[in-house]
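These protein sequence lines are chains R and V, in that order. All the letters of the first sequence, read from the start, carry residue numbers 1 to 506 under our numbering. All the letters of the second sequence, read from the start, carry residue numbers 1001 to 1292 under our numbering. Idealized CB from N, CA, C, for every residue including glycine.
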Amino acid sequence: MFSGEKLPKSKVFLFLLLGFIGGVAARSFFAPTFEAVFILFAASAVVLAVGILRLNRRIIFLGALFILFFAGILRFSYAEIARPDLSNFYGKEFKAQGIVVSEPERSKSVQRITIRVFETSKKEIDPFKLLVTVGRYPRYEIGNKILVHGTIEKPENYSEFDYVSYLARQDIFATLFFPQVEKIGKGKGNQLMIYLARLKHSFEKNLEKVIPEPHVAFLKGLTLGERESLPADLVENFNRTGTTHIVALSGYNITMLGRFFVLGLVLFTVPFRVSFWIATAGIMLFVLLTGASPSVVRAGIMGILVLIAQKEGRLYQMTNALVFAGAIMILHNPKILRFDAAFQLSFLATLGLIYLSPRIERMLDGRKKFKTADPAYKEKPFFSWKQTLIETLSAQFMVLPLLIYLFGRVSLISPISNIAVIVAVPYAMALGFVTGGLGFLWHPLAQISGWLTWLILEYQIRVIEFFAQIPAASIAVGKWVAIPLVVFYCYVAFVLSRYIFKVPRS
Amino acid sequence: MEKTCQNIKPIFLAVLTAFAVIIWYAVFYFESRQNLLVTFLDVGQGDAIFIEIPNGNQILIDGGPDDSVLAKLGSRMPFWDRSIDLVILTHPEKDHVAGLVEILRRYDVDRVLWTGVAHSIAEFYEWERLLKEKNISAIYAYAGQHARLGQGAFLDVLSPSGDFVGKSVKELNETSVVVKLEHGKNSFLFTGDIGRSTEYRMLSESLNTRYFILDTDVLKVAHHGSKYSSMEPFLAAVSPNIAIAQVGRKNRYGHPARETLDRLAAVGAAIFRNDTDGDITIVSDGLNFWKK
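As structure tokens, this is what we get:
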């Protein structure tokens, strides 16, 4: 790779990004002493300086690569240092004032609200985030100013779940259980977020009025990624059939949504060039509507990338775009790389959609050349089963080792159950949005559209129930199974990389 | 334009097909509805009972400790049905009122039967607020009230016999609304969380005044089978064939109590409980009744 030829610019860019990500990755697992990092950092600066003096591109490149690697390390370290020192608070009783900064998570018996505390015991302090668990009622909303009275605790891991890292990823290092709460104000903080939260809330209300449970809980999962109110038996069925991801607003869901936009417009003979941009705008609007939480923003970006990949079909450029998007996300929050399963799954699934699915398609079609854009849009007016099958398989294939590592079990029927359920996902999502939107206009219209939505959701729930009943639908395996799989994937990736990194000569 | 029409055709067909499916679903639903159904919903440690009368009237007694009741109702009611004719709140403790809050919010509740008694929990404040906000007509329960439900079904209020509207009460359980449902020859008694003092009072009223008869076929065991309810004389008067205890799995109160189960067995009742049997439906055709 580093042979005599000059490295093309696009590749230089790619390797620098990978250098940064590598740095964050390394620091996620090891914590070197500050001196060691500093010495190595200085050494790479010297390499860079030498390169510049000698005007040797390759040495400059090497120096820059090392610098970015250490930048990655520093970025992660900074995120670690930036955590507030709350040792004075743990285990003590406080009266604290704060503002609700994100939409509370509501389960069927409690609400978990994240507040930004700026005052304790009538003294102003450096603000920190506090996760407060309270009863189901009264409901709190983003922007509420509340006074809590209780004992602030340091989060601890439960038996299987790394709760501390889960919270740390959201910059939460303190919790408070069932304090006395008093609401003392509302509408504080970011007004756009408050407005969006209200919009989302009314949208949910519209759905709840016309569609019964558990269908509406499922629909809220599909359209807004809300899965707190799903009944436990349905969640168990999702897990058994390997379909949980469809209620998690992954990049995959959003790609589906984008494609539905495109398909819908193609029906009205809008050319793909135009409909693609409308789809992108639609995705952005959607991300805003869901409250623009970082995980949904990430999913939105990945969804748009897949759409672009299908539009352009130039994979070598996609690599850069994908890695660049990943690097930006990691720069924003370096902890997601190791600690956020949703990010990892979403990224892997996106890899599968972009690199694997066109390959499988070509294999099935027996065509020799990659096409420039997905013909599914142009030739078939409706969803092609084959397309769904291919995409589901490629996404599933990529996330398999991680799923085994995370949950220690494999859903044997997951490819089949996924295809059976996912074919209906875009319709359910689209009808869900139409129903929620009509609810703002005229209730009876929303009701009619709600019936159609119900029918599709009923189909999906029945299918999931059916597949979950099959004995040995999901079997437990040792987590070690993930290792040989990863080795195998690395080998495949290496073989493929010859294609991915190959720049066509013009 | 022509192309657009062509493209829209399959969608149009799909929508029509969907409506056909929905209409047939409705036809079969109405055809299948012949008997009165009383379902004791498995909502964890709390009460929730759904009564369906063949003419389409629906009654919900209590809502359980959380929102589980929503999914339970969703699977029992046809999907187009967004209304409940009568909601009965026996008394506003969390394990009875919590689930009703979301019911009031999402369903068109025609009227509510409760005592009006005051309580100081967040769920109760929400309940009161929603009754007012949605302008739902409330009937305050009083022993002696009688309602015709249609198709030979009647509802009688047996307790309380005092006025509790707006009052704070020490023994909230004893204010529970007790109702008896009669359908032809079959009867059901719903006792809320009453304790022995209300049992003895009802027993003496029934013996002295003969306004009502306690003898019942199906009994909802009072207070989740607590040992301070379901006393022998009361059970002897009720003499249920079927007794149902609404209890959650591994609840921290140890409900239902061993003693209560023994007392129920002594009067010859077949005992069913939500923690082991899940949702329990009793079917009545007016002559016979059976567990589904």
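Given a cut-off of 8 Å on the beta-carbon distance, is the pair residue i and residue j in contact?
i, j, result
"V/LEU1037", "V/GLU1052", "yes"
"R/VAL100", "R/ILE142", "yes"
"R/PHE488", "R/THR241", "no"
"V/LYS1180", "V/ASP1163", "no"
"R/ALA349", "R/MET398", "yes"
"R/GLY303", "R/THR255", "yes"
"V/ALA1138", "V/LEU1131", "yes"
"V/PRO1065", "V/TYR1029", "no"
"R/THR290", "R/LYS200", "yes"
"R/LEU130", "R/LEU176", "yes"
"R/PHE118", "R/ALA174", "no"
"V/PHE1154", "V/ALA1143", "no"
"R/PRO138", "V/ALA1122", "yes"
"V/PHE1289", "V/VAL1218", "yes"
"R/THR388", "R/VAL423", "yes"
"V/ASP1095", "V/ASN1274", "no"
"R/LEU14", "R/VAL323", "yes"
"R/ILE330", "R/VAL12", "no"
"R/LEU412", "R/ILE461", "no"
"R/LEU196", "R/ALA292", "yes"
"R/LEU150", "R/GLN180", "Correcting the residue identity first, residue 150 of chain R is Gly in this sequence and not Leu. It is a contact, given that the beta carbons lie within the stated cut-off."
"V/ILE1280", "V/PHE1040", "yes"
"R/SER182", "R/ARG106", "According to the sequence shown, residue 182 of chain R is Glu rather than Ser. Contact flag unset, no."
"R/ARG83", "R/PRO334", "no"
"V/TYR1140", "V/VAL1101", "no"
"R/LYS145", "R/LYS108", "no"
"R/VAL306", "R/GLY251", "yes"
"R/SER417", "R/ILE360", "no"
"R/ASN206", "R/GLY436", "yes"
Which residue or residues does DSSP assign as beta-bridge partners of residue i?
i, result
"V/SER1284", "V/LEU1036, V/PHE1289"
"R/ARG83", "According to DSSP, R/ARG83 bridges with nothing at all."
"V/VAL1157", "V/VAL1179"
"R/LYS592", "Residue 592 of chain R cannot be examined here, being either before or after the span of chain R that is shown, 1 to 506."
"V/TYR1140", "V/TRP1114"
"R/GLN97", "R/GLU119, R/LEU147"
"V/HIS1146", "V/ASP1156"
"V/ASN1186", "V/HIS1183"
"V/ILE1271", "V/ALA1243"
"R/GLN111", "R/ARG106, R/VAL134"
"V/VAL1218", "V/PHE1188, V/ILE1242"
"V/ASP1108", "V/SER1083"
"R/ALA476", "R/ARG409"
"V/ALA1168", "Here residue 1168 of chain V turns out to be Ser, not Ala, going by the sequence shown. BP columns for V/SER1168 point to V/ALA1118."
To the nearest whole angstrom, what separates the beta carbons of residue i and residue j, a pair I think is in contact under 8 Å?
i, j, result
"V/ALA1269", "V/PRO1256", "With 8 Å as the limit, V/ALA1269 and V/PRO1256 do not qualify as a contact, their Cβ atoms being about 12 Å apart."
"R/ILE81", "R/ALA26", "No, R/ILE81 and R/ALA26 are not in contact; Cβ-Cβ is about 17 Å, not under 8 Å."
"R/PHE178", "R/THR133", "6 Å"
"V/THR1260", "V/SER1226", "7 Å"
"R/PHE339", "R/ARG298", "R/PHE339 to R/ARG298, Cβ: 14 Å. No contact."
"V/PRO1054", "V/ASN1035", "6 Å"
"V/LEU1104", "V/LYS1134", "6 Å"
"R/GLU208", "V/ARG1106", "5 Å"
"V/LEU1149", "V/ASN1057", "5 Å"
"V/ILE1136", "V/VAL1097", "Contact flag wrong, Cβ pair sits at about 14 Å."
"R/ARG112", "R/PRO104", "6 Å"
"V/VAL1247", "V/HIS1224", "5 Å"
Is the region 422-431 of chain R touching the region 254-271 of chain R, taking contact as three or more C-beta pairs under 8 Å? Between the region 422-431 of chain R and the region 254-271 of chain R, the count of C-beta pairs closer than 8 Å reaches three or more; the two stretches touch.
Is the region 1233-1243 of chain V touching the region 1210-1220 of chain V, taking contact as three or more C-beta pairs under 8 Å? Taking a cut-off of 8 Å for Cβ pairs, the region 1233-1243 of chain V and the region 1210-1220 of chain V touch, as three or more such pairs fall below it.
Could you say if the region 161-172 of chain R and the region 211-231 of chain R meet the contact criterion of at least three C-beta pairs nearer than 8 Å? Flag = no, the region 161-172 of chain R and the region 211-231 of chain R do not touch.
With three or more beta-carbon pairs closer than 8 Å as the criterion, would you say the region 45-59 of chain R touches the region 87-96 of chain R? Output reads no: the region 87-96 of chain R does not touch the region 45-59 of chain R.
Fully enclosed by the region 187-260 of chain R, which alpha helix (DSSP H) runs are 4 residues long or longer? Inside the region 187-260 of chain R, DSSP marks whole alpha helix (DSSP H) runs of 4 or more residues at positions 191-210, 215-224, 232-241, from first to last along the chain.
For the region 1081-1098 of chain V and the region 1169-1176 of chain V, state whether three or more C-beta atom pairs, one from each stretch, are separated by less than 8 Å. As far as the Cβ criterion goes, the region 1081-1098 of chain V touches the region 1169-1176 of chain V, which means the pair count is three or higher.
Is it a yes or a no for the region 392-406 of chain R touching the region 448-465 of chain R, going by three-plus beta-carbon pairs under 8 Å? With fewer than three CB-CB distances shorter than 8 Å, the region 392-406 of chain R does not count as touching the region 448-465 of chain R.
Flag this pair as touching only if the region 12-20 of chain R and the region 61-76 of chain R have three or more C-beta atom pairs under 8 Å; answer yes or no. Short answer: they touch.
The region 1184-1197 of chain V in contact with the region 1274-1292 of chain V per 3-pair CB rule at 8 Å: Verdict: yes, contact present.
At what residue ranges does the region 1004-1087 of chain V contain a whole run of the alpha helix (DSSP H), taking only runs of 4 or more? Fully enclosed alpha helix (DSSP H) runs of 4 or longer: 1068-1076.
Mind pulling the alpha helix (DSSP H) runs of 4 or more residues that sit fully within the region 118-188 of chain R? Complete alpha helix (DSSP H) runs here, min 4: 163-168.
Contiguous beta strand (DSSP E) assignments of at least 3 residues, all confined to the region 12-46 of chain R: As far as the region 12-46 of chain R is concerned, it has no whole beta strand (DSSP E) run of at least 3 residues.
Complete beta strand (DSSP E) runs within the region 287-342 of chain R (minimum length 3 residues, chain order): DSSP runs (the beta strand (DSSP E)) wholly in the region 287-342 of chain R: none.
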